[in-house]
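Residue numbers (the working numbering), protein chains in the order written: chain A, 17 to 497; chain B, 208 to 314.
Each residue gets a CB set at the ideal place from its N, CA and C atoms; glycine is no exception.
Everything below concerns the one structure shown next.
Written out as structure tokens, the structure is:
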């Protein structure tokens, strides 16, 4: 019996608003605890929530950009549960009338695209942070300490339909969603800061079966790597259980990053256990046509469209996807360089390879002011016209990142221009062949590889100024003569 | 239990578990309290069930239930200073290193 995994992903995106979801306390990024609080986000009796307009605009933008139907008349619900990081004992969330329903997101894996169906996009608030003190293990904690700075920070939850079939797809989905949030400028999208947090619902069922297996929710995956490994682990665990005839229990499991396994956290609450009811503090939320149109008009180019434009310049889908997930300045640099050189391959390789590589190596975060995109175009042209070698081009680029100069100046100063004058090179070659008659004889008897040695001699004698390709060509020609 | 309640109680099909509800609310109930609340809740539920007997106009598209007629107002994303750190912690029964301290709680 072949088993097919089915995965659904719930992602929480922390918005980049200035203030919290239901009060005007600042959203702060600090280790100092409990410094951005008011009666509302502390859950003090009598405090009333008022939603953040920017947050509603952001979630509407996200819902629109994933092709969701927008719920014009929505409302907020209370999701009740008893836990100290939520001092009201309920979280304000949305239940049956979320902002967005039935959307989709295009993902890219290598050279193919896939659409991941999105079930819902809804608005809610974050909880405070709790730390358990004691002898290390959570079970033996002696007290819990609470910082409510994060309490009430706007969160958008995006839930996919159970349509994902592999850990690779899951990772591609999160990468795409993250880029979308960044491009829409609704979140910083930094995984290491917890701006994006994801849980996965995983089940396995016989291939072709119309019913899904019992689903298990996996929590605590805080990087793309742990998402991939946790899903792979869980699919394997469930597959083995089914094959061994062991019943899979509906539960929440915890991904242990160090042990690289999932373990039982608690049996899962049903939705009824949260006793959802409409929040009497928050009247119905009407999103007017004007409001939706206004949000629509602020929509930037979406990653999908960007990829299409990039593919139109001659890139493969995989290359286009890499660029679409790069910083804005890299994308714009590519378009400028490509416009001048009309060479998508070289533009892509120089920018995503050598340029970014050298910048990383020298810890340069931003291109220096003097660095013009035209320099890259010039370098690409110089190589194409055999004026400089690839190795020299790297030297020139490195110089340009550190000194206010131009490619031509560097090539001039460092004597990097290649000798392309065939007469001059021929003269040199004749001399080298004479000096190395033994090598020539061996090449004639079939030891072709020794040509490399002669090319080396030419490069040495010319101080690297000869185009090695040309040298090789001329050497072989002379030897055959 | 009066006659009315007794009649209602008899008609009930039980669809909740008082122990589970107590657990979700993190409260301890004695056996007597459980019995009492079990009974009270059953009666409340039965009352609520009466709603399903109402004849509703299901053709009507605008079924929208909220206690308030008023439309929700949104506020601009502008910071307003509120409690200081000291004020926020002033009513905490226990605090340490600027954090509220509560009995150990885990899910």
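The Cβ-Cβ distance between residue 494 of chain A and residue 441 of chain A does not fall below 8 Å.
The alpha carbon of residue 92 of chain A has as its nearest neighbour, out of B:278, B:232, B:245, the alpha carbon of B:278. For the pair residue 389 of chain A and residue 352 of chain A, the CB atoms are nearer than the 8 Å cut-off. If you draw a 10 Å sphere on the C-beta of residue 56 of chain A, you find 16 or more other C-beta atoms in it, and that means buried.
Using a Cβ-Cβ cut-off of 8 Å, residue 282 of chain B is close to 40, 66, 67, 68, 69 of chain A, given in chain order. With a 10 Å radius around the Cβ and a threshold of 16 neighbouring Cβ atoms, residue 62 of chain A comes out exposed. When the alpha-carbon of residue 177 of chain A is set against those of A:428, A:421, A:399, A:24, the nearest one is in A:24. For residue 408 of chain A, the enclosing alpha helix (DSSP H) has its first and last residue at 406-418. Across the stretch 397-409 of chain A, no CB contact with chain B closer than 7 Å is found for any residue. With a threshold of 8 Å between beta carbons, residue 139 of chain A makes no contact with chain B. At a Cβ-Cβ threshold of 8 Å, residue 77 of chain A and residue 340 of chain A do not count as neighbours. Pairing residue 417 of chain A with residue 380 of chain A gives a Cβ-Cβ distance under 8 Å. Apart from sequence neighbours up to five positions away, the residues of its chain that approach residue 245 of chain B with a beta-carbon distance below 6 Å are 225, ordered along the chain. Not a single C-beta of chain B is nearer than 8 Å to the C-beta of residue 236 of chain A.
For residue 45 of chain A, none of the residues of chain B pass the 8 Å Cβ criterion, the least Cβ distance being about 14 Å. Residues of the stretch 283-302 of chain B whose Cβ lies closer than 7 Å to any Cβ of chain A, in chain order: 283, 284, 285, 286, 287, 289, 290, 292, 295, 296. Using a Cβ distance threshold of 8 Å, residue 263 of chain A and residue 18 of chain A do not count as a contacting pair.
Annotated three-state conformation of residue 271 of chain A is strand, per DSSP. One alpha carbon belongs to residue 203 of chain A, the other to residue 197 of chain A, and they sit about 6 Å apart. At a cut-off of 8 Å between beta carbons, residue 54 of chain A contacts chain B. With a threshold of 8 Å between beta carbons, residue 252 of chain B makes no contact with chain A. Residue 215 of chain A sits in a strand when the DSSP states are folded into three classes. Using a CB distance cut-off of 8 Å, residue 161 of chain A counts as an interface residue toward chain B. Contact annotation: in the stretch 238-249 of chain B, no residue has its CB less than 7 Å from a CB in chain A.
Shown here for residue 482 of chain A: same chain residues with a beta carbon closer than 7 Å to its own, the five before and five after excluded, namely 434, 435, 441, 474, 475 in chain order. For residue 475 of chain A, the secondary structure class from DSSP, reduced to helix, strand or coil, is helix. In the displayed model, residue 193 of chain A falls within a helix according to three-state DSSP. For residue 373 of chain A, the enclosing alpha helix (DSSP H) has its first and last residue at 372-377. Proximity to residue 306 of chain B across A:48, A:292, A:460 peaks at A:48, based on C-alpha coordinates.
For residue 130 of chain A, the nearest beta carbon of chain B is not closer than 8 Å to its own beta carbon. The beta carbon of residue 233 of chain B sits closer than 8 Å to some beta carbon of chain A. Between the beta-carbon of residue 217 of chain A and that of residue 233 of chain A there is about 5 Å, and that keeps the pair under the 8 Å contact cut. Cα atoms of residue 290 of chain B and residue 106 of chain A: separation of roughly 22 Å, rounded to the nearest angstrom. Under the 8 Å criterion on CB atoms, residue 308 of chain B is classed as interfacial with respect to chain A.
The Cβ of residue 37 of chain A sits no closer than 8 Å to any Cβ of chain B. When only Cα atoms are considered, residue 300 of chain A and residue 89 of chain A end up about 7 Å apart.
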